[in-house]
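S.K.:
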Amino acid sequence: MNSELPSMEHDTTFKFLLKDKKELLLLVKDILKYKWAEEIEEESIEFDDSEFVTQHFSQLRADIVAKAKLKNREMYFYILIENQSTVRRDMAQKILKYMVSLWWNELSKGVENLPPVIPIVVYNGIKEKWNISTDLMEAFETFKDDVFRYRVVDVFEIDVKKILEEEKDLLTPIVFYLEQVREDRDELIRRLLEVEKNLEKLSKENIDRFLRWVYYIIRPRLLEEQREEYERVVERVKQGGAEKMGDFVSNVARLLDEAKTKEFNLGLQQGLQQGLQQGLQQGFQQGFEQSRIETAERMILKGYKDEEIAEITGLSLERIKELRAKHRN
Numbered sequence: 001m002n003s004e005l006p007s008m009e010h011d012t013t014f015k016f017l018l019k020d021k022k023e024l025l026l027l028v029k030d031i032l033k034y035k036w037a038e039e040i041e042e043e044s045i046e047f048d049d050s051e052f053v054t055q056h057f058s059q060l061r062a063d064i065v066a067k068a069k070l071k072n073r074e075m076y077f078y079i080l081i082e083n084q085s086t087v088r089r090d091m092a093q094k095i096l097k098y099m100v101s102l103w104w105n106e107l108s109k110g111v112e113n114l115p116p117v118i119p120i121v122v123y124n125g126i127k128e129k130w131n132i133s134t135d136l137m138e139a140f141e142t143f144k145d146d147v148f149r150y151r152v153v154d155v156f157e158i159d160v161k162k163i164l165e166e167e168k169d170l171l172t173p174i175v176f177y178l179e180q181v182r183e184d185r186d187e188l189i190r191r192l193l194e195v196e197k198n199l200e201k202l203s204k205e206n207i208d209r210f211l212r213w214v215y216y217i218i219r220p221r222l223l224e225e226q227r228e229e230y231e232r233v234v235e236r237v238k239q240g241g242a243e244k245m246g247d248f249v250s251n252v253a254r255l256l257d258e259a260k261t262k263e264f265n266l267g268l269q270q271g272l273q274q275g276l277q278q279g280l281q282q283g284f285q286q287g288f289e290q291s292r293i294e295t296a297e298r299m300i301l302k303g304y305k306d307e308e309i310a311e312i313t314g315l316s317l318e319r320i321k322e323l324r325a326k327h328r329n
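Under UniProt numbering, residue 329 is the last one in the sequence shown; the count climbs by one each step, no gaps.
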């Protein structure tokens, strides 16, 4: 099965995951541990879906833009989140475009003080670690330590076990924990069974969002003939809510295991068939070659010239000379 996931799959996963007030707070408070995040007023958080349009840039749309304010403060600030499944060397320039465009929109509204913009990159790439600078102004050597810097949330580097132990109604740690092993089907099954208790604590809204994640990440790993049963399992969860999550987990784990076994057996069968075909073809070629040699030897004994033998048998003149020399000896 192709290990590469379409970029749309990742975009969908993280846009719906972090476009939630509680999940966003978990990211900035518990995972990134920004000191100021403790003062965020949850009720003040707003998500902005508008495109940034400026006279310098055409239409730009960041993955997530959240507007919020701190307690006892009137000034708003922005949290800008960009999801990446591959390392982009131009990420600093891309984030700066978003920030400048966002500020341009604010200026067009007549604001006197530009709001702070906190850029975050959520990275879930498999092939390599995020190994480029997070300093947005690195090109300006004199000032590079005093200007903007963004943070990277590498899904594969985060230890979310402690958060999972609290078994709260939070989806992010569950998804991050499963995302870390999405290419290892055995480990994915094991972790899916492990987070069953966490899934049973989810609200209906978070269950619906989890099912969307499963649709894009786990469902493609099932065989076509398993999809109908999978849909029935999902429907039971939609009808029964958290009480049916145990049934969902056990059935999806079973389907994943069955898919792996069937794919292994199919691969083994195809390998055997291919080996048999290659063996038959090789045997046919060897038999055909031996037949040409025997024909050439009979023609040599009957006095045919080398050129005549070559034309009839298709053997090279060098090979025919070797056969003639053997008969002389």
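Yeah, the Cβ is synthetic: ideal placement off N, Cα and C, and Gly gets one too.
In this structure, does DSSP put R328 in helix, strand or coil?
M.R.: Reduced to three states, the DSSP call for R328 is helix.
S.K.: Between the beta-carbon of G125 and the beta-carbon of T86, is there less than 9 Å?
M.R.: Their beta carbons are under 9 Å apart, which means G125 touches T86 by this criterion.
S.K.: Are the Cβ atoms of V121 and V155 separated by less than 9 Å?
M.R.: Against a cut-off of 9 Å, the Cβ pair of V155 and V121 comes out as no contact.
S.K.: Taking the beta strand (DSSP E) that L136 belongs to, which residues open and close that run?
M.R.: No beta strand (DSSP E) contains L136, which DSSP labels as neither H nor E.
S.K.: By DSSP's criteria, K69 is part of a beta bridge. Which residues make up the other side?
M.R.: According to DSSP, which records beta bridges pairwise, K69 is partnered with Y76.
S.K.: Give the range of the beta strand (DSSP E) segment to which D208 is assigned.
M.R.: From DSSP, D208 is part of no beta strand (DSSP E) but of the alpha helix (DSSP H) over K204 to I217.
S.K.: Check L152 in the structure and name its three-state DSSP category.
M.R.: What sits at residue 152 in the sequence shown is Val, not Leu. Correct three-state label for V152: strand.
S.K.: Below 8 Å on the Cβ atoms is my contact criterion, and I expect I45 with A62 to pass it. Report the Cβ-Cβ distance as a whole number of Å.
M.R.: At roughly 16 Å, the Cβ-Cβ gap does not stay under 8 Å, so I45 and A62 are not in contact.
S.K.: Let me check understanding here. Comparing Cα to Cα, which of T172, G241, N198 and R328 lies closest to E166?
M.R.: Ranking the options by Cα distance to E166, first place goes to N198.
S.K.: In chain order, what residues of the same chain have a beta carbon less than 7 Å from the beta carbon of I40, not counting five sequence neighbours either side?
M.R.: For I40, where only same-chain residues beyond five positions count, the Cβ hits under 7 Å are L25, A68 and L70.
S.K.: Which residue comes first and which comes last in the beta strand (DSSP E) that contains I118?
M.R.: Here the beta strand (DSSP E) through I118 covers V117 to Y123.
S.K.: Taking the straight line between their C-alpha atoms, what separation do you get for G240 and E231?
M.R.: Approximately 14 Å, taken between the alpha carbons.
S.K.: When the Cα atoms are used, what is the spatial distance from W36 to I64?
M.R.: Their Cα atoms are separated by approximately 20 Å.
S.K.: Return yes when the Cβ of R324 is within less than 9 Å of the Cβ of I300, no when it is not.
M.R.: Yes, these two residues count as a Cβ contact at 9 Å.
S.K.: Per DSSP, what kind of secondary structure is Q180 in: helix, strand or coil?
M.R.: Three-state result, Q180: coil.
S.K.: I'd like to check one pair, L114 with Y98: are the Cβ atoms closer than 9 Å?
M.R.: Not in contact: Y98 and L114 (Cβ atoms no closer than 9 Å).
S.K.: Where DSSP assigns a beta bridge to E46, which residues make up the other side?
M.R.: Paired residue(s): K67.
S.K.: Counting only the same chain and skipping the five closest in sequence on each side, list residues whose C-beta sits under 8 Å from that of R219.
M.R.: Correct list, in chain order: R227 and Y230.
S.K.: Which of the three DSSP states is assigned to I81 in this structure?
M.R.: I81: strand per DSSP, three-state reduction.
S.K.: Assign I132 to one of three DSSP states: helix, strand, or coil.
M.R.: Reduced to three states, the DSSP call for I132 is coil.
S.K.: Answer with buried or exposed for L27, where buried requires no fewer than 16 other C-beta atoms within 10 angstroms of its C-beta.
M.R.: Buried, by the Cβ-count rule.
S.K.: Please state the DSSP three-state secondary structure of I158.
M.R.: In this structure, I158 counts as coil in the three-state DSSP scheme.
S.K.: Alpha carbon to alpha carbon, how far is I163 from D30? Give it in angstroms, no decimals.
M.R.: Approximately 9 Å, taken between the alpha carbons.
S.K.: Measure from the alpha carbon of N83 to the alpha carbon of each residue in L192, L136 and K19, then state which is nearest.
M.R.: Cα-wise, what sits closest to N83 is K19.
S.K.: Return the CA-CA distance between L192 and K262, expressed in angstroms with no decimal places.
M.R.: Distance between the alpha carbons of L192 and K262: 20 Å.
S.K.: Can the beta-carbon of Q95 be found closer than 9 Å to that of Y34?
M.R.: Checking the sequence, you will find Ile at residue 95 rather than Gln. The answer is no: Cβ separation not under 9 Å.
S.K.: Straight-line CA distance for F14 to N72?
M.R.: So the two alpha carbons sit approximately 31 Å from each other.
S.K.: In the DSSP assignment, what residue or residues form a beta bridge with I40?
M.R.: DSSP output for I40 lists L70 as bridge partner(s).
S.K.: Could you have a look at I126 and say whether DSSP puts it in helix, strand or coil?
M.R.: The answer is coil: DSSP assigns I126 none of H, G, I, E or B.
S.K.: Quick check on DSSP: helix, strand or coil for L251?
M.R.: Looking at the sequence itself, residue 251 is Asn, so the reference to Leu does not match. It is helical.
S.K.: Using 9 Å as the threshold, is the C-beta distance between E42 and K22 below it?
M.R.: In contact: E42 and K22 (Cβ atoms closer than 9 Å).
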